[in-house]
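With numbering that gives the first Met the number 0 applied, the sequence shown covers 0 to 190.
Each residue gets a CB set at the ideal place from its N, CA and C atoms; glycine is no exception.
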Amino acid sequence: MKPGLFGAVEELVERVAKAIRPGQVVDAFLAGGTATCIHLQRAGGVAASEARFSEDADVHFNRRLALADDIVVRYADTNGEDRVLVLDRTYTIDIGLRHPDCFDEAVHLLDSRNGRLRLHILSPLDLAVTKVGRFQDHDRQDISLLARAGLIESAAFEQRAKEALEYLATDPAPVELNIAEAAGLIRNARH
0 MKPGLFGAVE ELVERVAKAI RPGQVVDAFL AGGTATCIHL QRAGGVAASE ARFSEDADVH
60 FNRRLALADD IVVRYADTNG EDRVLVLDRT YTIDIGLRHP DCFDEAVHLL DSRNGRLRLH
120 ILSPLDLAVT KVGRFQDHDR QDISLLARAG LIESAAFEQR AKEALEYLAT DPAPVELNIA
180 EAAGLIRNAR H
């Protein structure tokens with residue numbers, strides 16, 4: 000069993016990388032609750048201790064992958080609790096809101112040992128933007144915790160989210176309401 004969430008992510012990367020042909024290099028981008036938890040753990044403080052553990056890894060790949068089996072990694076969290084991390088093979092970042100520059104602004108996290116997979120993590124700002132499309136309770140909590148940890152601020156979030164709206168093919172009205180609510184959550188969390 001791997002120690003900690005980051006160790007589980009490393010193991011997940013190694014398993015995916017084994018399926019990639021020699022000579023191929025794939026860039027992958029971590030989003031969702033797992034990315035939020037990693038950002039919060041790195042920031043430390045109270046927000047990190049309140050981070051929720053996600054059992055799925057939302058990863059966007061820049062190339063198509065045919066993975067034969069589900070990838071499940073068992074690990075012990077920071078409290079010693081047994082957890083699992085599963086690669087969500089149905090995840091796509093292209094449904095919902097995302098800024099077109101989110102991949103360019105993603106932070107390099109790690110490379111697989113065989114060099115075939117490079118994992119990046121969406122910036123806290125772009126991660127928050129992706130959460131306002133669905134904007135479920137756990138998305139609200141994640142955004143508040145990112146703000147409490149000092150990783151995002153309201154004005155920058157609103158600007159980035161409104162820029163992303165320009166690329167949304169569906170009716171932006173409901174998402175505009177979510178952006179306004181999220182900006183309020185960020186302001187309240189920072190005070």
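(message) Suppose you measure from the CA of Thr-33 to the CA of Arg-97; what does that come to, to the nearest Å?
(response) Here residue 33 is taken as the residue at index 34 of the sequence shown, counted from 1. Here residue 97 is taken as the residue at index 98 of the sequence shown, counted from 1. Distance between the alpha carbons of Thr-33 and Arg-97: 17 Å.
(message) Spatial neighbours of Ile-37 within its chain, please: C-beta separation below 8 Å, excluding the five flanking residues on both sides.
(response) Sequence index remark: in the sequence shown, residue 37 carries index 38 (1-based). Here the set comprises Leu-4, Phe-5, Val-8, Leu-29, Leu-108, Ile-120.
(request) Could you check what DSSP says for Arg-191 in three-state terms: helix, strand or coil? (result) What the structure shows of the chain is the stretch from 0 to 190, and residue 191 is not part of that stretch, so it cannot be assessed.
(message) Between which residues of its own chain and His-59 is the CB-CB distance below 6 Å, once the five residues before and five after are set aside?
(response) As a working mapping, residue 59 is identified with position 60 in the sequence shown. Phe-28, Ile-92, listed in sequence order.
(message) Report the start-end ranges of each beta strand (DSSP E) in the segment 15 to 64 that is 3 residues or longer and not cut off at the edges.
(response) 25 to 30, 55 to 60
(message) Taking the beta strand (DSSP E) that Arg-159 belongs to, which residues open and close that run?
(response) For this step, residue 159 is matched to residue 160 along the sequence shown. Where Arg-159 is concerned, there is no enclosing beta strand (DSSP E), although the alpha helix (DSSP H) it sits in stretches over 153 to 164.
(message) Suppose contacts are defined by Cβ-Cβ distances below 8 Å. Is Ile-185 in contact with Ala-160 by that definition?
(response) To locate residue 185, count along the sequence shown from 1; it is residue 186. To locate residue 160, count along the sequence shown from 1; it is residue 161. No; because the gap between Cβ atoms is not below 8 Å, this pair is not in contact.
(request) Could you tell me the distance, in whole angstroms, from the CA atom of Ala-155 to the CA atom of Gly-132? (result) Residue mapping note: residue 155 aligns to position 156 of the sequence shown, counting from 1. Residue mapping note: residue 132 aligns to position 133 of the sequence shown, counting from 1. Taking the straight line joining both Cα atoms gives about 17 Å.
(request) Sort out for me which residues DSSP pairs Ala-75 with in a bridge. (result) For the purposes of this step, residue 75 is taken as the residue at position 76 of the sequence shown. BP columns for Ala-75 point to Pro-2, Asp-81.
(message) Whole angstroms are fine: how far does the CA of Thr-35 sit from the CA of Asp-76?
(response) As a working mapping, residue 76 is identified with position 77 in the sequence shown. As a working mapping, residue 35 is identified with position 36 in the sequence shown. In a straight line, the C-alpha of Asp-76 is about 15 Å away from that of Thr-35.
(request) Say whether the segment 16 to 25 touches the segment 44 to 53, bearing in mind that this needs 3 or more beta-carbon pairs closer than 8 Å, one atom from each stretch. (result) no
(request) Determine the DSSP secondary structure at Leu-108, reduced to helix, strand or coil. (result) What you label residue 108 is simply residue 109 of the sequence shown in a count that begins at 1. Three-state DSSP puts Leu-108 in a strand.
(request) Leaving out five residues on either side along the sequence, give the residues of the same chain with a beta carbon under 8 Å from the beta carbon of Asp-138. (result) Looking up residue 138 in the sequence shown gives position 139. Result list for Asp-138: Lys-130, Val-131, in chain order.
(request) Over the uninterrupted beta strand (DSSP E) stretch that includes Leu-66, give me the two end residues. (result) Looking up residue 66 in the sequence shown gives position 67. Leu-66 -> no beta strand (DSSP E), and no H or E assigned at all.
(message) Within 10 Å of its beta-carbon, does Ala-67 have 16 or more other beta-carbons around it, so buried, or fewer, so exposed?
(response) In the sequence shown, residue 67 corresponds to position 68, counting from 1. Counting Cβ neighbours within 10 Å, Ala-67 comes out exposed, since fewer than 16 surround it.
(request) Using only alpha-carbon positions, find the residue among Ala-163, Ala-18, Arg-14 that is nearest to Pro-99. (result) Within the sequence shown, residue 99 is the residue found at index 100, counting from 1. The residue from Ala-163, Ala-18, Arg-14 with its alpha-carbon nearest to that of Pro-99 is Ala-163.
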